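Novice:
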Amino acid sequence: MTSVLYLDTETFSPVPIKLGLYRYSEEVEVMLATYAFDDGETLCWDRTADFMPPELYNALVDPNVTVVIHNSQFDRTVMAANDFPELRLERVFDTMACALSHGLPGALGTLCDVLGVAADQSKDKAGKELIRFFCQPKKDGTRNTRLTHPEKWEQFKDYAKSDISAMREVYRKLPKWNYPQLESAMFTLDQTINARGFAVDVDLARAAVTAVEATQAKLATRAQELTNGEVSSATRRDAMLRHILGEYGVTLPDMTASTIERRIADPDLPEGLRELLRVRLQATTTSTAKYQSLLGGVSSDARLRGTLQYCGAQRTGRWSGRLFQPQNLPRPALDNDTIDTGIEALKAGCADLVFDNVMELTSSAIRGCIVAPQGKKLVVADLSNIEGRVLAWLAGETWKLKAFADYDAGTGHDLYKLAYAKSFAVKPESVDKEQRQVGKVQELALGYEGGVGAFLTFAAAYGIDLDDMASKVEGIPADVQAQCNKFYAWAEIQGKTLGLNEATFKACDALKRLWRRAHPAVEQLWRKLEDTVREAVYNPGRLYNITAATGEIRLRVRRDGAWLRVGLPSGRNLCYPTPEIKGGCCDVCQGRGKILVDISMEDCPECDGTGDLGKPKLTYMGVNQYSRKWSRLHTYGGKLVENVTQAVARDVLAYGMLEAEKAGYEVVLSVHDELLTETPDTDDFTHEGLAALMSDNPHWAQGLPLAAAGFEAYRYRKD
């Protein structure tokens, strides 16, 4: 009796797939369906010539048959659009979802390479050419078919079978610790959310595009006027840099927004250059692309679907964005009342009469394109400082857990003020607004073993003038100051002062050291997790428990064959393929043949802190976030803690999503730690109710202080 059906489809649509699956599927035709039963022969149904084979139909309707598909969201959607029998998701084993849930790449060809599936079983160059030939329209709008090219069509059918062969081998080789049983409910909800989509204010999106295009034309004209025609458009970076150097004698390292903003603030800058830089800053605002993505991908019912990628952040299991990238929406520069006024002005076609900076308005208003349909409302809630809470819980940082609980109860201090106060042993009530901002950057930058570089990055994001901050930092203990002096001397020799002057570098380093001193359990977790992972790599099959400082087991580490697994409290695993520990002598000690273990750079007994970190490197295979290629990656204690913290935060959010759905809050989108739900416009559904569901502890997270807050609206906004 058949137990497994392997299935794949080949399709044609005049709509480019880059506009999104659901827009593509509105005009899609399934041409071929290739399939195989268990270990049987791979077959191909030519839907353009024949009726569906009875054995395929029977397998599709048989609830006892597991259907294995790679990227089932695509195949299920196009099949539904072509009147196939309904294929319920609980019967589907999605090899792409399984791969992603274990930290593996999702693309079938890459996955075959990683898992060692034979090359002739994966996609090849000739196959991709056949895909382009039959699955995409020609430039004149016509298409190639079975009738126009019968010989190539037979080659196309043969090629289509190769995906089944590859998928079958991948299915057999994939680990299955996280999927399907553990994550079946979550994956099902993910697919439901993607199919549901959210309502789009199409009129606003069109008006914004029109306003941006008109503004870009005006900015281009003004750039030409300011440069005497040397620069045709403010978006022409190289031409702009050349003109600024030749005309004003000013050399800019780059034309990033932060660089331009700093130069605009220079009181000695010539006014003509200041205006030119303002024009450049406006012209390079990137909101237009998001509006275009909304308009291109929106379905005929004015809903945008398919905007989330399950386990898109492969290491942690967090969602990533698709199409208009909802996880990467710009931070509004305007307040909500001003944005509401701007939206009305955009839709009336007069934004340029009301606003000096239309580009700033359209960038700030992008969230407003997400709306509630007639008779409904958006109920939105966001988990409060979830990573900080999870980190404290995993580490067992008792004072901080109590601080979160007290703050939630209305009896405690603001955590950013408290971070600064703990660092300098002052009362939280004495921390002013500027110091609170420093405390915020400490919390965001330093929890994962970040140093001066991490502090610098977050400080820039939150507009902190580091030189000014350094001049106001007082009360650094003498022993910490001595450590900062020693570290600066090393950084100066190595050329790693990050462009900071001595006082500012030392101030940032002191803030790092003081934060760590106030968080001994967190610092211990960095060391404990890295040391345990290293030991597990050397001892396959042995289980290691990692406890919080309070004594509870939080994580479990084990190496099984080529896989290192970090077991999370939820039961899910973080997976690190083919871990290795190699090399690692510091620069000075390397010539002596020393391998230094269990030391920090500052405490190196061989070179007295003048060389690089001495531990042998801990590495694993993964997708490089910059090159997007499968390659060997380096990790360390702080990075491992970041992975597990974000993974636990993801599991908390996932639990809240499931609970929200059960209570009738239909999730339409998640943005980081925020849920957007669509509900009837009645008093039965409130943001307080959603927040309560999201902050209800899962059974595996007792003692984790959770809190959430939100709002109700007819148009999405940044609260």
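Residues in the sequence shown are numbered consecutively from 1008, following my numbering. For each residue, glycine too, the CB sits at the ideal point set by N, CA and C. Predicted model, so just to flag it, every value in this text is computed and none were measured.
#1: For Pro1712, count neighbouring Cβ atoms within 10 angstroms of its own Cβ and tell me buried if that reaches 16, exposed if not.
#2: What are the residues that DSSP puts in a beta bridge with Leu1550?
#3: For Ala1656, which residues in the same chain have their Cβ closer than 6 Å to its Cβ, ignoring the five residues on either side in sequence?
#4: Closer than 8 Å is the cut-off here; do at least three beta carbon pairs connect the region 1699 to 1714 with the region 1662 to 1677?
#5: Measuring only from the beta carbon, is Leu1311 closer than 8 Å to any heavy atom that is part of the ligand HEM?
#6: Indicate whether the contact test is met: 3 or more Cβ pairs, each with one atom in the region 1364 to 1371 and one in the region 1335 to 1355, closer than 8 Å.
#7: Where does Val1209 sit, in a helix, a strand or coil, going by DSSP?
#8: How would you call Arg1030, buried or exposed, if buried means at least 16 neighbouring beta carbons within 10 angstroms?
#9: Within the same chain, show all residues whose beta-carbon is closer than 8 Å to that of Ser1430, passing over the 5 residues directly before and after it, in chain order.
#10: Quick check: the Cα distance between Tyr1064 and Ser1307, rounded to an integer number of angstroms?
#11: Considering only their Cβ atoms, is the gap separating Ala1555 from Arg1561 smaller than 9 Å?
#12: Look up Tyr1643 in the DSSP assignment and say whether it is helix, strand or coil.
#13: Does DSSP classify Asp1015 as helix, strand or coil?
#14: Who are the near neighbours of Lys1383 in its chain, counting only those whose CB is closer than 7 Å to its CB and skipping five residues on each side?
#15: Alpha carbon to alpha carbon, how far is Glu1220 from Arg1374?
#16: What does the Cβ neighbour count give for Ala1272, buried or exposed, with the cut at 16 atoms within 10 Å?
#17: My guess is that Tyr1298 and Ala1215 are in contact by the Cβ rule of under 8 Å, so how many angstroms apart are they, rounded?
#18: So, is Pro1182 buried or exposed, given that buried needs 16 or more other C-beta atoms within 10 angstroms?
#19: If you drop the 5 nearest sequence neighbours on each side, which residues of the same chain put their C-beta closer than 8 Å to that of Leu1248?
#20: Between the region 1570 to 1589 and the region 1093 to 1110, are three or more C-beta pairs nearer than 8 Å?
#21: Under 8 Å by Cβ, that's how I've got Ala1218 and Ala1358 pegged, so tell me the actual separation to the nearest angstrom.
#22: How about Leu1039 and Arg1054: do their beta carbons lie closer than 9 Å?
#23: Alpha carbon to alpha carbon, how far is Gly1116 from Asp1057? Give it in angstroms, no decimals.
#24: What did DSSP end up calling Gly1116 once you bin it into helix, strand or coil?
#25: Whole-angstrom Cβ separation of Val1085 and Val1037, contact assumed at under 8 Å?
#26: What are the boundary residues of the beta strand (DSSP E) that includes Phe1044?
#27: Give me the Cβ distance between Ala1715 and Ser1391, rounded to the nearest whole Å; I'm assuming they're in contact under 8 Å.
#28: Decide yes or no for the touch test of the region 1319 to 1336 against the region 1399 to 1406: beta carbon pairs closer than 8 Å, at least 3 of them.
#29: What is the C-beta distance between Leu1550 and Arg1565, in whole angstroms, given that I count them as a contact (C-beta under 8 Å)?
#30: Reducing DSSP to helix, strand and coil, say where Glu1719 ends up.
#31: Where does Asn1728 fall in DSSP's three states?
#32: Can you tell me where the alpha helix (DSSP H) holding Lys1383 begins and where it ends?
#33: Within the chosen definition, does the region 1231 to 1248 reach the region 1283 to 1296 through at least 3 CB pairs nearer than 8 Å?
#34: With DSSP as the reference, identify every bridge partner of Cys1051, one or two as the case may be.
#35: Pull up the distance between the alpha-carbon of Glu1190 and that of Gly1313, whole angstroms please.
#36: To the nearest angstrom, report how far apart Met1476 and Pro1337 are at their CA atoms.
Specialist: Reading from the atomic positions:
#1: Your numbering for residue 1712 matches position 705 in the sequence shown. That one is buried.
#2: Working through the sequence shown from its first residue, we reach residue 1550 at position 543. According to DSSP, Leu1550 bridges with Arg1565.
#3: Here residue 1656 corresponds to residue number 649 of the sequence shown, with the count starting at 1. Correct list, in chain order: Ile1393, Glu1394, Val1397.
#4: yes
#5: Absence of the ligand HEM is noted for the structure shown, with no ligands found whatsoever.
#6: yes
#7: Locating residue 1209 in the sequence shown gives position 202, where the first residue counts as 1. Reduced to three states, the DSSP call for Val1209 is helix.
#8: Counting from one through the sequence shown, the residue named residue 1030 turns up at place 23. Buried is the call here.
#9: In the sequence shown, counting from the first residue as 1, residue 1430 sits at position 423. Contacts found: Gly1446, Gln1449, Leu1518, Leu1521, Trp1522, Arg1524, Ala1525.
#10: Reading the sequence shown from its first residue, position 57 is the one you call residue 1064. Reading the sequence shown from its first residue, position 300 is the one you call residue 1307. Their backbone Cα atoms lie some 30 Å apart in a straight line.
#11: As a working note, residue 1561 is residue 554 in the sequence shown. As a working note, residue 1555 is residue 548 in the sequence shown. Cβ distance < 9 Å, so Arg1561 and Ala1555 count as in contact.
#12: Reading the sequence shown from its first residue, position 636 is the one you call residue 1643. Here Tyr1643 sits in coil by DSSP.
#13: Position 8 of the sequence shown, counted from the first residue, corresponds to residue 1015. Residue state, collapsed to three classes: strand.
#14: If you number the sequence shown from 1, residue 1383 lands on position 376. Once the five neighbours on either side are set aside, the close Cβ partners of Lys1383 are Glu1685, Thr1686, Pro1687, Asp1688.
#15: Counting from 1 along the sequence shown, the entry for residue 1220 is found at position 213. Counting from 1 along the sequence shown, the entry for residue 1374 is found at position 367. Going from the Cα of Glu1220 to the Cα of Arg1374 covers about 19 Å.
#16: Here residue 1272 corresponds to residue number 265 of the sequence shown, with the count starting at 1. Result: exposed.
#17: Position 291 of the sequence shown, counted from the first residue, corresponds to residue 1298. Position 208 of the sequence shown, counted from the first residue, corresponds to residue 1215. With 8 Å as the limit, Tyr1298 and Ala1215 qualify as a contact, their Cβ atoms being about 5 Å apart.
#18: One-based indexing of the sequence shown puts residue 1182 at position 175. Classification for Pro1182: buried.
#19: Taking the first residue of the sequence shown as 1, we reach residue 1248 at position 241. The answer, listed in chain order, is Leu1259, Met1262.
#20: yes
#21: Counting from 1 along the sequence shown, the entry for residue 1218 is found at position 211. Counting from 1 along the sequence shown, the entry for residue 1358 is found at position 351. With a Cβ gap of about 5 Å, Ala1218 and Ala1358 count as contacting.
#22: If you number the sequence shown from 1, residue 1039 lands on position 32. If you number the sequence shown from 1, residue 1054 lands on position 47. Closer than 9 Å, so yes.
#23: Counting from one through the sequence shown, the residue named residue 1057 turns up at place 50. Counting from one through the sequence shown, the residue named residue 1116 turns up at place 109. Taking the straight line from one Cα to the other gives about 30 Å.
#24: Counted from its first residue, the sequence shown places residue 1116 at position 109. Gly1116: helix per DSSP, three-state reduction.
#25: Start at 1 with the first residue of the sequence shown, and residue 1085 comes out as number 78. Start at 1 with the first residue of the sequence shown, and residue 1037 comes out as number 30. With 8 Å as the limit, Val1085 and Val1037 qualify as a contact, their Cβ atoms being about 6 Å apart.
#26: Counting from one through the sequence shown, the residue named residue 1044 turns up at place 37. Here the beta strand (DSSP E) through Phe1044 covers 1036 to 1044.
#27: Mapped onto the sequence shown, residue 1715 falls at position 708. Mapped onto the sequence shown, residue 1391 falls at position 384. The Cβ separation is near 6 Å, so the contact holds.
#28: no
#29: Reading the sequence shown from its first residue, position 543 is the one you call residue 1550. Reading the sequence shown from its first residue, position 558 is the one you call residue 1565. Indeed, because the Cβ distance is near 5 Å, the residues count as touching under 8 Å.
#30: As a position in the sequence shown, residue 1719 is number 712, starting the count at 1. DSSP places Glu1719 in strand when its eight states are reduced to three.
#31: Residue 1728 lies beyond the residue range present for the chain, which begins at 1008 and ends at 1726; the question has no answer from this structure.
#32: Against the sequence shown, residue 1383 aligns to sequence position 376. Where Lys1383 is concerned, there is no enclosing alpha helix (DSSP H), although the beta strand (DSSP E) it sits in stretches over 1383 to 1390.
#33: yes
#34: Locating residue 1051 in the sequence shown gives position 44, where the first residue counts as 1. Cys1051 is bridged to Thr1041.
#35: Along the sequence shown, read from residue 1 onward, the residue named residue 1190 stands at position 183. Along the sequence shown, read from residue 1 onward, the residue named residue 1313 stands at position 306. Their Cα atoms are separated by approximately 19 Å.
#36: Working through the sequence shown from its first residue, we reach residue 1476 at position 469. Working through the sequence shown from its first residue, we reach residue 1337 at position 330. The straight-line gap from Cα to Cα measures roughly 26 Å.
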